[in-house]
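A.B. asks:
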Ligand SMILES: O=C(O)CCC(=O)C(=O)O
Ligand SMILES: [Fe+2]
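In this note's numbering, the protein residues as written are 55 to 327.
(1) How about residue 186 and residue 239: are their beta carbons less than 7 Å apart?
(2) What would DSSP say about residue 290, mapped onto helix, strand or coil?
(3) Closer than 6 Å from C-beta to any heavy atom of ligand 2: which residues, in chain order?
(4) Using 8 Å as the cut-off, can you tell me whether the stretch 196-216 makes contact with the stretch 253-272, which would need three or more C-beta pairs spanning the two stretches below that distance?
(5) Just to confirm the assignment: which complete alpha helix (DSSP H) runs, minimum length 4, are found wholly within the stretch 87-172?
(6) Ligand 1 and residue 226: does the residue's C-beta get closer than 6 Å to at least one heavy atom of that ligand?
(7) Which first and last residues belong to the alpha helix (DSSP H) in which residue 219 is found?
(8) Please report how far the alpha carbon of residue 197 lies from the alpha carbon of residue 231, in whole angstroms.
(9) So is residue 162 buried or exposed if we call it buried at 16+ other beta carbons inside 10 Å?
(10) State the Cα-Cα distance for the pair residue 227 and residue 139, rounded to the nearest angstrom.
(11) Just the C-alpha distance for residue 131 and residue 165, rounded to the nearest angstrom, thanks.
(12) Do residue 134 and residue 83 have their C-beta atoms within less than 7 Å of each other?
(13) If you draw a straight line from the alpha carbon of residue 203 to that of residue 261, how long is it in whole angstroms?
(14) Would you list the residues sitting across from residue 68 in a DSSP beta bridge?
(15) Heavy atom of ligand 1 less than 6 Å from the Cβ of residue 216, yes or no?
(16) Just checking my contact of residue 277 with residue 169 at CB under 8 Å: how many whole Å lie between their CB atoms?
(17) Using 6 Å as the cut-off, classify the Cβ of residue 201 as near or not near the heavy atoms of ligand 1, replying yes or no.
(18) With residue 312 as the anchor, note down where its alpha helix (DSSP H) starts and where it stops.
(19) Residue 307: buried (16+ other C-beta within 10 angstroms of its C-beta) or exposed?
(20) How is the beta strand (DSSP E) around residue 203 delimited, first residue to last?
(21) May I ask you to list the residues that DSSP assigns as paired with residue 251?
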């Protein structure tokens, strides 16, 4: 099993690992996501009744695409999402694949796709799906950095999902240009690119790929599902190339001083444990 995963990672730059995650971890994320969605909906849209979750998220995006993106960002702060990334099954697999001291070079990402939400995001010039890219330029972490793409909903042939180019990790870092997403692979490099593969996954399965594997979001025709996935990265803290650079961080933490200034002191004292 491990040999198969290693071979696939070395040759194809990706591997599908069946039943890697405990379903209770995923249920706990979904339950938190549900509570967050309801809190945003009842406060910003209507406190009469809750429509199905998909409808609540569509309405939030229609009211204000930025509010929708803030909702995703709040979801990315969840401990339940962090628990997926630090699950012993993932940590042990990373170690078995050569990551000696695993770290998280970036916070977990909550990836969603829904046709109607995509339309609202496009309207405001936000990116609604990822273009062709490698993850490594946004991380600049160890060369053996692993990307775990963890579906929280079943991925069928009709679901939006990750499409990868097998073996593309072997070309190392490709030239990229700027894009609303951050960066995208330069058209000049396209001639080395061949066929895509877009694995189908059950909840509990994990798609793992090299941070150099070229991939993008694939949207099948007639897609109408709401898809949730979590993106986790494991990098090696003691990799030579990272130690050589003095272990830099690629993301800066900037405190929003404006928020702190506008807090009303009488609201703070209500707290009871
Ligand atoms: O979920 C997606 O559509 C894109 C995911 C992705 O690019 C990633 O996990 O690195
Ligand atoms: Fe990516």
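Every residue, glycine too, gets a C-beta built ideally from N, C-alpha and C.
Being a predicted model, the structure only gives us computed values, none of them experimental.
C.D. replies: So, from the listed chains and residues:
(1) Cβ atoms of residue 186 and residue 239: closer than 7 Å.
(2) Correct three-state label for residue 290: strand.
(3) 184, 187, 189, 269
(4) yes
(5) 107-117, 119-129, 133-139, 142-150
(6) Outside the cutoff, so no.
(7) That residue, residue 219, is in no alpha helix (DSSP H); it is neither H nor E in DSSP.
(8) 21 Å
(9) buried
(10) 25 Å
(11) 13 Å
(12) yes
(13) Going by C-alpha positions, residue 203 is about 5 Å away from residue 261.
(14) 263
(15) The beta carbon of residue 216 sits closer than 6 Å to at least one heavy atom of ligand 1.
(16) 6 Å
(17) yes
(18) 311-316
(19) exposed
(20) 200-205
(21) 218
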